[in-house]
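Number of protein chains: 4
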Amino acid sequence: MPRIGAEPERRKALIHAAIDVIGEHGSLDVPVKAIAEQAGMSSALAFHYFGGKDEIIVETMRYLLRELSGSMIAELQLAKTPVERIDGVIRASFTPGQFDRKTIAAWLVFYLKAYSSPPAARLLTIYFRRLESNLIDAFRQLLPAAPDDVSKRQAVELAEGLGALIDGLYIRQALGTREPDGQKAIDLCRRQVDAGLARIGVESGLAAKIEASSLQPSRQGSSAAGGVH
Amino acid sequence: MPRIGAEPERRKALIHAAIDVIGEHGSLDVPVKAIAEQAGMSSALAFHYFGGKDEIIVETMRYLLRELSGSMIAELQLAKTPVERIDGVIRASFTPGQFDRKTIAAWLVFYLKAYSSPPAARLLTIYFRRLESNLIDAFRQLLPAAPDDVSKRQAVELAEGLGALIDGLYIRQALGTREPDGQKAIDLCRRQVDAGLARIGVESGLAAKIEASSLQPSRQGSSAAGGVH
Amino acid sequence: MPRIGAEPERRKALIHAAIDVIGEHGSLDVPVKAIAEQAGMSSALAFHYFGGKDEIIVETMRYLLRELSGSMIAELQLAKTPVERIDGVIRASFTPGQFDRKTIAAWLVFYLKAYSSPPAARLLTIYFRRLESNLIDAFRQLLPAAPDDVSKRQAVELAEGLGALIDGLYIRQALGTREPDGQKAIDLCRRQVDAGLARIGVESGLAAKIEASSLQPSRQGSSAAGGVH
Amino acid sequence: MPRIGAEPERRKALIHAAIDVIGEHGSLDVPVKAIAEQAGMSSALAFHYFGGKDEIIVETMRYLLRELSGSMIAELQLAKTPVERIDGVIRASFTPGQFDRKTIAAWLVFYLKAYSSPPAARLLTIYFRRLESNLIDAFRQLLPAAPDDVSKRQAVELAEGLGALIDGLYIRQALGTREPDGQKAIDLCRRQVDAGLARIGVESGLAAKIEASSLQPSRQGSSAAGGVH
DNA sequence: AATGAATGAGCCTTCATTCAT
DNA sequence: AATGAATGAAGGCTCATTCAT
Numbered sequence: 025m026p027r028i029g030a031e032p033e034r035r036k037a038l039i040h041a042a043i044d045v046i047g048e049h050g051s052l053d054v055p056v057k058a059i060a061e062q063a064g065m066s067s068a069l070a071f072h073y074f075g076g077k078d079e080i081i082v083e084t085m086r087y088l089l090r091e092l093s094g095s096m097i098a099e100l101q102l103a104k105t106p107v108e109r110i111d112g113v114i115r116a117s118f119t120p121g122q123f124d125r126k127t128i129a130a131w132l133v134f135y136l137k138a139y140s141s142p143p144a145a146r147l148l149t150i151y152f153r154r155l156e157s158n159l160i161d162a163f164r165q166l167l168p169a170a171p172d173d174v175s176k177r178q179a180v181e182l183a184e185g186l187g188a189l190i191d192g193l194y195i196r197q198a199l200g201t202r203e204p205d206g207q208k209a210i211d212l213c214r215r216q217v218d219a220g221l222a223r224i225g226v227e228s229g230l231a232a233k234i235e236a237s238s239l240q241p242s243r244q245g246s247s248a249a250g251g252v253h
Numbered sequence: 025m026p027r028i029g030a031e032p033e034r035r036k037a038l039i040h041a042a043i044d045v046i047g048e049h050g051s052l053d054v055p056v057k058a059i060a061e062q063a064g065m066s067s068a069l070a071f072h073y074f075g076g077k078d079e080i081i082v083e084t085m086r087y088l089l090r091e092l093s094g095s096m097i098a099e100l101q102l103a104k105t106p107v108e109r110i111d112g113v114i115r116a117s118f119t120p121g122q123f124d125r126k127t128i129a130a131w132l133v134f135y136l137k138a139y140s141s142p143p144a145a146r147l148l149t150i151y152f153r154r155l156e157s158n159l160i161d162a163f164r165q166l167l168p169a170a171p172d173d174v175s176k177r178q179a180v181e182l183a184e185g186l187g188a189l190i191d192g193l194y195i196r197q198a199l200g201t202r203e204p205d206g207q208k209a210i211d212l213c214r215r216q217v218d219a220g221l222a223r224i225g226v227e228s229g230l231a232a233k234i235e236a237s238s239l240q241p242s243r244q245g246s247s248a249a250g251g252v253h
Numbered sequence: 025m026p027r028i029g030a031e032p033e034r035r036k037a038l039i040h041a042a043i044d045v046i047g048e049h050g051s052l053d054v055p056v057k058a059i060a061e062q063a064g065m066s067s068a069l070a071f072h073y074f075g076g077k078d079e080i081i082v083e084t085m086r087y088l089l090r091e092l093s094g095s096m097i098a099e100l101q102l103a104k105t106p107v108e109r110i111d112g113v114i115r116a117s118f119t120p121g122q123f124d125r126k127t128i129a130a131w132l133v134f135y136l137k138a139y140s141s142p143p144a145a146r147l148l149t150i151y152f153r154r155l156e157s158n159l160i161d162a163f164r165q166l167l168p169a170a171p172d173d174v175s176k177r178q179a180v181e182l183a184e185g186l187g188a189l190i191d192g193l194y195i196r197q198a199l200g201t202r203e204p205d206g207q208k209a210i211d212l213c214r215r216q217v218d219a220g221l222a223r224i225g226v227e228s229g230l231a232a233k234i235e236a237s238s239l240q241p242s243r244q245g246s247s248a249a250g251g252v253h
Numbered sequence: 025m026p027r028i029g030a031e032p033e034r035r036k037a038l039i040h041a042a043i044d045v046i047g048e049h050g051s052l053d054v055p056v057k058a059i060a061e062q063a064g065m066s067s068a069l070a071f072h073y074f075g076g077k078d079e080i081i082v083e084t085m086r087y088l089l090r091e092l093s094g095s096m097i098a099e100l101q102l103a104k105t106p107v108e109r110i111d112g113v114i115r116a117s118f119t120p121g122q123f124d125r126k127t128i129a130a131w132l133v134f135y136l137k138a139y140s141s142p143p144a145a146r147l148l149t150i151y152f153r154r155l156e157s158n159l160i161d162a163f164r165q166l167l168p169a170a171p172d173d174v175s176k177r178q179a180v181e182l183a184e185g186l187g188a189l190i191d192g193l194y195i196r197q198a199l200g201t202r203e204p205d206g207q208k209a210i211d212l213c214r215r216q217v218d219a220g221l222a223r224i225g226v227e228s229g230l231a232a233k234i235e236a237s238s239l240q241p242s243r244q245g246s247s248a249a250g251g252v253h
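Chains as they are written, first to last, in our numbering: chain A, 25 to 253; chain B, 25 to 253; chain R, 25 to 253; chain C, 25 to 253.
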């Protein structure tokens with residue numbers, strides 16, 4: 025059974041197992057043994073590779089952030105206009121791979137971890153700061169001419185609103201037992217952005233995308249992203 | 025030391041201590057001893073009054089729901105128009121007493137608890153269902169004439185958007201170390217509702233409230249309510 | 025509810041409750057609170073009257089010994105012949121009041137307690153020594169003339185055999201769920217004594233009593249003792 | 025320190041330690057820690073191997089039953105006549121390995137456990153039923169021709185008498201502090217069986233064995249078996 | 001007389017972690 | 001590389017006992 029040179033796979037397996045088990049249980053209060061078993065190895069080996077439970081958790085967190093960053097970057101690179109960049113952030117947030125029950129629960133768990141763990145807070149802060157500055161920047165380009173501090177404030181408000189909405193859509197999944205519906209979440213975000221921009225006289229054109237997506241079956245993973253591009 | 029008739033105070037003290045300690049720690053994985061100490065008693069007494077850790081937690085959850093329900097009901101009773109009802113829900117959500125770091129963290133912890141605990145999920149679901157039906161109802165009265173299913177759908181979308189935004193604003197507090205700013209959150213919600221309604225041709229008049237509140241120092245507890253009424 | 029001057033009744037109630045609860049549970053590992061509740065009072069009061077759990081237990085033990093001694097003495101006073109004295113011991117051992125499931129279990133529990141508690145051992149030893157000397161004496165009077173040490177040895181053997189048999193019949197009740205049958209136990213003992221004496225050429229006449237008792241319904245408490253006298 | 029393949033020895037050590045500690049203390053109310061220490065390991069390891077205190081206790085009980093069964097079967101296989109089978113049961117019951125203070129106390133503790141624990145009761149019942157049917161069968165073969173139900177009843181009575189006597193001899197050990205004398209117990213049983221059989225006209229020949237054993241020093245383990253074979 | 005209030009001590013159990021193999 | 005063996009520390013919970021009322 026012991027394959028040699030398997031360290032990277034072992035680590036990856038453990039991280040995925042950690043997401044599963046933590047997500048399933050809705051807390052970090054999970055035996056390392058449970059994670060190791062889910063990954064098909066002994067807990068001693070998990071310690072061998074990571075050094076401790078904290079490290080497993082931090083690495084898992086890093087992994088989730090990296091994954092989400094990856095989706096985000098990919099979307100942003102394809103985007104040509106500010107609206108497309110905003111829409112990219114929205115779509116990346118609800119990519120099927122990240123928007124399933126267990127992963128969402130793991131996210132929330134890490135969010136909470138940040139309450140009592142400064143390092144965890146730092147990791148999340150860095151990530152969200154980058155995300156937010158991206159959004160602020162995009163919104164700003166869309167706003168009509170105005171004194172700098174005014175348009176800055178408006179852009180921040182819009183970005184904060186969108187960011188909070190995304191987070192809220194994540195947490196809301198905690199209450200349902202069914203698998204979350206990414207497409208519905210995307211549309212909701214688009215609608216809010218569209219409304220927010222319209223309020224200050226900017227036509228986003230996102231309404232068209234919503235309608236396009238509604239014509240498709242709202243099944244995850246297939247149509248959603250595809251139908252949009 | 026043993027006073028008589030102490031049970032109610034002791035229970036209340038333990039519940040408040042539980043919110044504190046759980047909120048501080050960002051998880052339910054907290055020694056009962058820590059809660060009891062925070063409440064100024066031995067852990068044995070906590071067990072005496074509650075029977076077990078689970079009961080402490082469930083009662084604490086119930087307490088938070090009751091408190092929030094209370095604020096909500098109070099606001100709704102004062103509201104005369106649909107817009108005021110929506111605004112009441114918003115204001116109640118960010119009432120100073122509930123929107124402080126520890127209470128917020130406790131809320132999120134319970135949200136997560138619902139992931140693995142059906143009873144917890146049930147409690148939350150009941151509460152949120154009631155909240156949402158209130159919002160849906162209010163939005164519906166604001167919508168222009170339209171076939172029933174269309175206006176129903178629109179109202180649901182608006183209610184979901186607002187609900188998610190509120191939750192998102194809660195969770196976002198996890199990242200900052202400063203005390204959350206309820207007024208800012210209220211304004212953000214109002215702005216979104218205003219924009220969302222405007223989008224479908226309804227003028228909410230919430231903008232006026234935002235401006236009114238902005239003129240006041242955004243101190244919690246003083247201006248907020250005052251500026252609104 | 026608090027009647028005054030009730031100390032003796034309270035103590036008696038606690039002792040009976042202790043027999044019940046200890047017998048029911050088959051061990052001394054029983055909360056004082058359970059005993060007190062069974063006796064209809066708070067555990068604090070039990071401590072007030074007895075000073076501690078150990079005292080409750082010792083007093084309960086003493087009570088059982090006293091009860092059994094009482095039956096024994098009553099039987100022995102009625103006995104005119106050595107055989108009747110032996111038979112009295114047998115009958116007293118299986119008097120309905122002492123030979124019910126809970127009391128038996130309590131007895132065994134105390135027997136075991138003697139393993140680790142010298143005071144308990146002392147109490148039991150005193151009692152059994154007296155019982156045994158009574159039996160030895162009776163047997164000795166029945167034995168035919170023989171050198172002192174021979175007849176002494178034989179009497180001791182017979183007494184030990186009967187004593188062990190009685191104890192064995194007690195413990196055997198532990199396995200059945202039905203209420204123990206005192207009459208059957210009495211007959212078994214009589215039969216053994218009769219056989220043991222016959223072996224050394226003494227006719228006890230106990231066989232007649234066995235037959236007499238067999239003609240009666242072997243119901244506890246009614247016929248058994250009555251039919252014999 | 026961790027040797028590999030240690031599980032069987034550890035389990036065995038724990039079971040023996042359990043007999044010791046439970047026997048010493050005369051109750052099941054014994055810290056697992058005490059058992060584990062007696063077995064030379066931490067309590068955590070005891071839990072690791074047995075899963076819980078209950079399992080330790082049940083396994084210990086099973087072990088005692090197995091041991092006693094073993095002695096019994098060995099004796100019965102050597103026996104050629106009914107009298108030898110009866111004597112085998114007697115001798116097996118007082119085999120030195122089983123008839124020492126601690127083991128006896130452990131036995132009684134389990135007897136009591138059966139009072140409140142149906143599974144424990146089941147284990148004991150199965151064992152004793154088998155033992156008794158063996159005795160009944162042997163006695164029956166010794167009885168003179170008689171109507172079936174009469175000889176059946178007589179055999180049952182003799183078997184019950186012997187069974188109860190054995191149990192009684194066990195429990196009587198609780199009162200003395202010295203090590204129990206197996207040979208004396210064996211002789212007492214033999215004498216009773218001999219007398220009981222003689223009563224109904226059957227000569228057992230056990231008297232000869234008693235005398236043979238009396239000539240030997242009544243040391244445990246030496247004479248007993250020797251004088252018999 | 002009687003009880004609820006209150007706690008320290010102890011037990012069962014789990015778990016992160018280390019180590020020898 | 002991989003694991004079973006092993007344990008210290010900690011947490012939930014119970015209970016005997018004391019005390020103020």
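Each residue gets a CB set at the ideal place from its N, CA and C atoms; glycine is no exception.
* Helix or strand or just coil, what does DSSP make of L199 (chain B)? -> coil
* Asked: Can we say the region 132-150 of chain C touches the region 79-86 of chain C, given the rule of at least three CB pairs closer than 8 Å?
  -> yes
* **Within 8 Å, strictly: CB atoms of E48 (chain C) and K126 (chain C)** => Against a cut-off of 8 Å, the Cβ pair of K126 (chain C) and E48 (chain C) comes out as a contact.
* Asked: Where does the unbroken alpha helix (DSSP H) through V107 (chain A) begin, and where does it stop?
  -> V107 (chain A) -> alpha helix (DSSP H) spans 106-117.
* Of the residues that make up the region 72-88 of chain B, which ones have a beta carbon closer than 8 Å to any beta carbon in chain A? -> none
* First through last residue of the alpha helix (DSSP H) which encompasses M85 (chain A) -> 77-102
* To do: Using beta-carbon positions only, say whether L186 (chain C) and C213 (chain C) come within less than 8 Å of one another.
  => yes
* Asked: Where S242 (chain C) and I210 (chain C) are concerned, what is the direct C-alpha to C-alpha distance, given to the nearest angstrom?
  -> Residue placement at S242 (chain C) is flagged as unreliable, the pLDDT there being 47, under the threshold of 50; a coordinate-derived value is accordingly withheld.
* Touch test, the region 221-238 of chain R against the region 163-173 of chain R, Cβ-Cβ under 8 Å, three pairs minimum -> yes
* Contact list for E184 (chain C) against chain R, beta-carbon separation under 7 Å -> Residues of chain R passing the Cβ test: L212.
* Asked: Along chain A, in chain order, which residues have C-beta atoms closer than 9 Å to that of S51 (chain B)?
  -> S51, L52, D53, V133, L136, K137, Y139, S140
* Cut-off 6 Å between Cβ atoms - residues of its own chain near E227 (chain R), not counting five sequence neighbours on either side -> For E227 (chain R), where only same-chain residues beyond five positions count, there are no Cβ hits under 6 Å.
* Does the region 110-129 of chain B come close enough to the region 70-79 of chain B to have 3 or more Cβ pairs within less than 8 Å? -> no
* Ignore the nearest five residues each way along the sequence and tell me which others in L155 (chain B)'s own chain have a CB closer than 8 Å to its CB. => M96, V113, G187
* **Run of the alpha helix (DSSP H) containing E156 (chain A), from where it starts to where it stops** => In the DSSP assignment, E156 (chain A) falls within the unbroken alpha helix (DSSP H) covering 142-166.
* **Anticipated Cβ contact below 8 Å, A41 (chain R) with A68 (chain R), distance rounded** => Between A41 (chain R) and A68 (chain R) the beta-carbon gap is near 15 Å, outside 8 Å, which marks them as no contact.
* Per-residue DSSP class, three states only, for E184 (chain A) -> helix
* Asked: What's the gap between the Cα of Q216 (chain B) and the Cα of E33 (chain B)?
  -> 42 Å
* Going along the region 140-155 of chain A in order, which residues come within less than 7 Å of chain B, judged by CB to CB distance? -> S140, A145, L148, T149, F152
* **6 Å Cβ shell around V54 (chain B) - same chain, five flanking residues per side excluded** => V45, I46
* So, does the CB of Q216 (chain R) fall closer than 8 Å to a CB anywhere in chain C? -> yes
* Neighbour flag for E235 (chain C) against chain R, beta carbons, 8 Å -> no
* To do: Give the range of the alpha helix (DSSP H) segment to which E61 (chain A) is assigned.
  => 56-62
* **Any chain C beta carbon closer than 8 Å to E181 (chain R)** => yes
* To do: Determine the DSSP secondary structure at E227 (chain A), reduced to helix, strand or coil.
  => Looking at E227 (chain A) - three-state DSSP - the assignment turns out to be coil, as it is neither helix nor strand.
* **Local conformation of Q244 (chain R) per DSSP, three classes** => At Q244 (chain R), the pLDDT of 46 sits below 50, so the modelled position is not reliable and the matter cannot be decided from this model.
* Asked: Any idea what DSSP makes of Q122 (chain C), helix, strand or coil?
  -> In this structure, Q122 (chain C) counts as coil in the three-state DSSP scheme.
* Asked: By DSSP, does G50 (chain R) sit in helix, in strand, or in coil?
  -> coil
* **Length of the line joining the Cα atoms of W131 (chain R) and G50 (chain R)** => 10 Å
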